[in-house]
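Notes follow the structure.
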Amino acid sequence: MQFPQSFLFIFMLLVIACSVCESQNCTNPPKTITVSKSGKADFQTIQSAIDSVQGQNSQWIHIQISAGVYSEQVLIPMNKPCIYLEGAGSKLTSIEWSVHPNLSAAFYSQANNTIASDITFKNTLNLPISDEDANITQAVAARIHGDKCAFFNCSFLGVQDTLYDEYGRHYYRNCYIQGGIDFIFGNGQSIFEASQLYFSLGKNGPMRNGCFTAQERNSPTDSSGFVFKNCNVSGTGGQALLGRSLRAYARVIIANSFLSDVVAPEGWNARTFVGHEETITFVEAGNTGPGANMSKRVTWLKHISGVTLDQFLDISFIDKEGWTSKLPPKIFI
């Protein structure tokens, strides 16, 4: 039987798509490989360990990383899902690199099902800053593009654009995120839970104002948004907005968190969308601390509660099909 050429083309695309989906189930027994700078391990660099993973991998690859500063730029390519990076603790294991703008990053994960715990991701480009007139430029510590990615007990250190939560559904728990300018940004659909957001332009840095978030939701049907729950929002060296809209439909919810006096009284900024604030969803609910005083907040701040608020705070906001329950054992607690 002969098939039309167009049918064969579509059939091949479906086969490829199905094989990719199947390979990202991460259902097979985990395989462990080790990394250590001392050489007493399978690999001496994190990138070489990642490079050893077979493309379209279908099992969790547990990469155990010993203590040390790994001065390397790390990339997890799109065709290598199901990788779990585990450090010896965020104060002991760090990935550090000085990389210039254009959205390069010290750590860049393109793959779905990327998990990391107990690691610091640091872009050293703008550090340290001591000059009041110093030129600060974009320096991304971590760029997360894949779907179904999670980070536990990790630190993200930088000054401008520290964490590029670019795209996909992500979960961050007990993480420390530090920066000064738009230092959590992107179009991710993400929950940040029990984490610390720390505004700083570096030790002994200049006294400048800044901004915590810059979300990029770009349409009313876009499911993305940043949700911060049970977090600690603090810092030093000036005041910072909780967020500003990088796109017309930006969405950020901060709930049941502590806000220090580092939070600017107005709280939020529409950026280039002044006059069209009705499309922006910035929400504060149940927060405490001196920075939670809403008497001087922007008048267009959204107010939601009950079931409407719960749909963002519940894990189902990022996980309707149960992917978090399929993470490696003892990871999702």
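Those letters in the sequence shown? Residues -23 to -1, 1 to 310, per mature numbering (1 follows the signal peptide of the UniProt record, and there is no 0), in order. Just so it is clear, CB atoms sit at the ideal spot from N, CA and C, and this is done for glycine as well.
### Query
Where does Q50 sit, in a helix, a strand or coil, going by DSSP?
Here residue 50 is taken as the residue at index 73 of the sequence shown, counted from 1. Of the three classes helix, strand and coil, the one that applies to Q50 here is coil, per DSSP.
### Message
Once DSSP output is grouped into helix, strand and coil, what is the label at E(-2)?
### Response
The residue given as residue -2 occupies position 22 in the sequence shown. Because the pLDDT at E(-2) is just 42, under 50, the model does not fix this residue reliably, and the value given afterwards should be weighed accordingly. Looking at E(-2) - three-state DSSP - the assignment turns out to be helix.
### Task
Could you tell me whether the segment 80 to 99 touches the segment 48 to 61, using the rule of 3 or more Cβ pairs below 8 Å?
yes
### Query
Where does V76 land, buried or exposed, given buried means 16+ other C-beta within 10 angstroms?
The sequence position of residue 76 within the sequence shown is 99, counting from 1. V76 sits buried, since 16 or more C-beta atoms from the chains shown fall within 10 Å of its C-beta.
### Message
Is the beta carbon of F129 closer than 7 Å to that of S94?
### Response
On the sequence shown, residue 94 is found 117 positions in, with the first residue counted as 1. On the sequence shown, residue 129 is found 152 positions in, with the first residue counted as 1. For S94 and F129, yes; Cβs fall inside 7 Å.
### Message
Let me check one thing: in DSSP terms, what residues is I168 bridge-paired to?
### Response
The residue you call residue 168 lines up with position 191 of the sequence shown. According to DSSP, which records beta bridges pairwise, I168 is partnered with Y148 and V204.
### Query
Which residues share a DSSP beta bridge with E298?
The sequence position of residue 298 within the sequence shown is 321, counting from 1. DSSP output for E298 lists no bridge partner at all.
### Message
Would N151 and A171 qualify as a contact pair, given that the criterion is a beta-carbon distance under 7 Å?
### Response
Walking along the sequence shown from the start, residue 151 turns up at place 174. Walking along the sequence shown from the start, residue 171 turns up at place 194. In contact: N151 and A171 (Cβ atoms closer than 7 Å).
### Query
Who are the near neighbours of L286 in its chain, counting only those whose CB is closer than 8 Å to its CB and skipping five residues on each side?
Numbered from its first residue, the sequence shown carries residue 286 at position 309. Within the same chain, L286 has close Cβ partners I230, A232, V260 and A262.
### Task
Would you mind giving the Cβ-Cβ distance between S196 and Y226, rounded to the nearest angstrom? I have them listed as a contact below 8 Å.
Here residue 196 is taken as the residue at index 219 of the sequence shown, counted from 1. Here residue 226 is taken as the residue at index 249 of the sequence shown, counted from 1. Yes, they are in contact, since the Cβ atoms of S196 and Y226 sit about 6 Å apart, within 8 Å.
### Query
Since H39 sits in a beta bridge, which residues does DSSP pair it with?
Taking the first residue of the sequence shown as 1, we reach residue 39 at position 62. Paired residue(s): T9 and Y61.
### Task
Determine the contact status of I96 and G135, defining contact as a CB-CB distance below 7 Å.
Along the sequence shown, read from residue 1 onward, the residue named residue 96 stands at position 119. Along the sequence shown, read from residue 1 onward, the residue named residue 135 stands at position 158. In terms of Cβ geometry, I96 and G135 do not form a close pair [threshold 7 Å].
#### Entry: Contact set for D199: own chain, Cβ-Cβ below 7 Å, skip 5 residues either direction
As a first step, residue 199 must be located in the sequence shown, where it is residue number 222. Same-chain partners within the cutoff: Y226.
### Task
Could you tell me whether the Cβ of A83 comes closer than 7 Å to any Cβ of chain D?
This model lacks chain D altogether; it includes just one protein chain.
### Query
Where do the ends of the beta strand (DSSP E) carrying L219 lie?
For the purposes of this step, residue 219 is taken as the residue at position 242 of the sequence shown. Residues A217 to S222.
### Task
Determine the closest residue to A269 out of W74, C3 and L219, with distance taken between C-alpha atoms.
Reading the sequence shown from its first residue, position 292 is the one you call residue 269. For the residues W74, C3 and L219, the minimum Cα distance to A269 belongs to L219.
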